[in-house]
Amino acid sequence: MSNGFRARLGSISTIQSARSLFPTTTVEPTTAVTFTNVEPNLIGTESTYTPSVTDSEGFLANSGLLTDDEVSDYFQQPDEDLSEMLTDLIRHTPEEPTSAKQSFLDVNIFPNPYDLDEEEFYKRHIEISKEDELFHDKLKQFFILSNAGKPIYSMNGSDEIIIGYMGVITTIISTFEENMNEEIYSISVGDMKIVALNKSPLILVSISKIAHEQPNVLLSQLNMLYNYLLSIISKPTIDRNFHNKLNYDLRRILTQLDFHNLDCLCMKMTYGLTSYDSFNYYISQLLNASLQQIKISYTARQRLNKILLDSKRMRQNSDDKETDLGADLLFSILSVNSKIVSFMKPKNHNLTNQDLTLLFSIINSSKSDISNDETSEDMWFPICMPNFNPNGFLYVFVKTIILQTTPVTITLLSSNKNSFYQIRQISNYIIHKLTKPKMLSKLTKELHESNTLAILREVPISHFIYKNKALNQFVMSDTDNSVNSVLQLSYFYNTLYHTKASQMKTIGSLNIKKFSYTRWTVDEAVITGFMLSDNNYEFYCLCNYQINSKELIGHCIKVIKWCEKNYNRLFIGNGVSFT
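Quick note on numbering: the UniProt record's numbering labels position 301 of the sequence shown as 301, and the sequence is numbered without any gaps.
Right, dumping it as structure tokens:
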């Protein structure tokens, strides 16, 4: 573990942009955010910014493609007022771009009273462990139990140590139920937060010592764990088992893979660790189950959409009988590292973002690694999509192929458990079309360049996130997935997301801009965080140094304009529908 951990350690400063191409920025001093307090200074108090909670129908709702004229008209509003307001908050001082590699321990994200090094701290306080001697040192705990106090899952510890907690938890829940009819209970004890979610006959509990985790975030995490159980068992099955036997042991129908998937979910939701897609998942949940997109040309995406539609219409002649191979096919997804490239759905049915992120998480936790020029084994498993139909199952076919060095995952969802062979034929057709020489050459080139966002060569921004509110989809610059960088990035964006924001009032306009500015000072390193939003978007960015307010606004607006101009390349919209 130790060698692997060292290999994955990195720093926020390793998330490079083109800032080295720019001369040193002259900026004025502002009040630094130190880490003697739990929370950073909150810049701006005119209004409290609550980031948007878009419709849970999510990325399949309210979509359309913007024309170049619409993009141009949208940005014909002055940003000088915004710059002036931010200038009042940022006093200027010369500041060099940060080159030092600070540790996540230097950022004071977590308390470190024993002055442990990174590896020791990770193993003692963060890494999942079933060893009892480390149980009380962990920063995060998740428990799932039955109303009768029967343990089902624990993030850390063995049955012997957690069994005592089950009785305490059920007693607390029962006490609350006698006085109020509530499903969620939040308790704070010092720096510890406890959130319980009552989904009778199940109870889910989170205990967090992480200062920047809010109770609403813990609640969202518990709901995701609950939805995972629904996805593999279904609500009717759970209710039926506990109706027949109140003291039923749900672990009897859970596999080792299920417990592994629960462990992975806990680490993703809390820290953005430990697999290649974990930080993307963390940001997705932070942005209210927003879906991450991958940049690809509009023409290429349309060709992929056509392949999916054609595969739905496939027919087979056998013994003078024509068979509709796609009769039971409901949804088709082409994705790269959990980022959707193309999507097909029925005209009158949707999959919510919550269901899709859960589906991707299960797929990524289940599939084995494959090397270059290979394809994965066929996966076929049932899944209950809680927001699509909590009472029934869809059947998922998954195949991953390598296009040069890029893994492309084909995910097909059927309504018929006996349709495996038909769905596999559809998958073979899609693979045949994708690997035709002309298509293969074009697609591999585009996918290889998909993580290269040209705008970052023009602005001194280390990392950014742009979310389209109407679609509930986001695009994010490439990330160093080392433990050190991910822990810092997840902390910075979580803090920036929950920071109070100032409001810029524009006379005669209903499109109100909101913004917040935060600066973290760690030894000689300075990290600047900025959030800008209006009715159409949310934009978050990090710079590895303190920056002049006018330049900061200019760079952010430039990236936002670039995202809107490249709308058709960055976002899939509604995908493509069949009738």
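Glycine is no exception: its CB is placed at the ideal position from the N, C-alpha and C atoms.
- Query: Name the DSSP bridge partner or partners of Asn317?
  - Reply: Glu322
- Message: Give me the residue from Asn418, Ile401, Asn391, Asp355 with the minimum Cα distance to Trp380.
- Response: Asn418
- Complete beta strand (DSSP E) runs within the stretch 196-230 (minimum length 3 residues, chain order): 202-208
- Item | Beta-carbon spacing of Met344, Asn280 below 8 Å | no
- Exposed or buried, Gly157, counting other C-beta atoms within 10 Å across all chains shown (16 or more means buried)? buried
- Task: Can you give me the start and stop residues for the alpha helix (DSSP H) that Gln256 sits inside?
- Result: Gln256 -> alpha helix (DSSP H) spans 256-271.
- Over the uninterrupted beta strand (DSSP E) stretch that includes Gly529, give me the two end residues. 525-533
- Query: Relative to the alpha-carbon of Ala300, which residue among Ala148, Thr579, Leu570, Ser577 has its alpha-carbon at the smallest distance?
  - Reply: Leu570
- Can you grab the Cα-Cα spacing for the pair Phe135 / Ser129, in whole Å? 7 Å
- Message: Assuming the contact rule is C-beta atoms closer than 8 Å, Asn468 and Tyr540 should be a hit. Round their C-beta distance to whole Å, please.
- Response: No, Asn468 and Tyr540 are not in contact; Cβ-Cβ is about 13 Å, not under 8 Å.
- Message: Could you tell me which whole alpha helix (DSSP H) segments of length 4 or greater appear in the stretch 422-470?
- Response: 437-448
- Is the beta carbon of Lys150 less than 8 Å from the beta carbon of Ser208? no
- Task: Would you tell me roughly how many angstroms separate the C-alpha atoms of Tyr517 and Ser297, rounded to the nearest one?
- Result: 34 Å
- Message: So, at 7 Å on beta carbons, what are the nonlocal neighbours of Leu412 in its own chain, with the 5 sequence-adjacent residues on each side left out?
- Response: Leu329, Ser332, Phe397, Ile423, Ile426, Ser427
- Task: Could you round the C-beta distance between Pro390 and Lys235 to whole angstroms and report it? I think they count as a contact, below 8 Å.
- Result: 5 Å
- Look at Leu286 and Tyr493 and say whether their C-beta atoms are less than 8 Å apart. yes
- Message: Considering only the alpha carbon of each residue, which of Ile173, Ser342, Asn416, His260 lies closest to Leu443?
- Response: Ser342
- Message: I'd like to check one pair, Leu447 with Val336: are the Cβ atoms closer than 8 Å?
- Response: yes
- Query: Less than 8 Å separating the beta-carbons of Val576 and Leu351?
  - Reply: no
- the stretch 522-532 touching the stretch 547-563, judged by at least three CB pairs closer than 8 Å: yes
- Pull up the DSSP beta-bridge partners for Tyr395, would you. Pro382, Ser414
- Reducing DSSP to helix, strand and coil, say where Thr352 ends up. coil
- Could you check if Met192 is buried or exposed, using at least 16 other CB atoms within 10 Å of its CB as the buried criterion? Counting Cβ neighbours within 10 Å, Met192 comes out exposed, since fewer than 16 surround it.
- Could you check where the beta strand (DSSP E) with Pro346 kicks off and where it finishes? 339-346
- Task: Give every residue of the same chain whose Cβ lies closer than 7 Å to the Cβ of Ile161, excluding the five residues on either side of it in the sequence, and list them in chain order.
- Result: Asp132, Phe135
- Message: Helix, strand or coil for Val107? Go by DSSP, reduced to three states.
- Response: coil
- Query: So what does DSSP say about Asn37, is it helix, strand or coil?
  - Reply: Because Asn37 carries a pLDDT of 31, less than 50, the predicted location of this residue cannot be relied on, and the following value inherits that uncertainty. Asn37: coil per DSSP, three-state reduction.
- Message: Can you give me the C-alpha to C-alpha distance between Thr400 and Leu218, rounded to a whole angstrom?
- Response: 33 Å
- Message: Going by C-alpha to C-alpha distance, which of Leu257, His498, Thr237 sits closest to Tyr248?
- Response: Nearest of Leu257, His498, Thr237 to Tyr248, Cα basis: Thr237.
- 8 Å Cβ cutoff met for Leu145 and Ile169: yes
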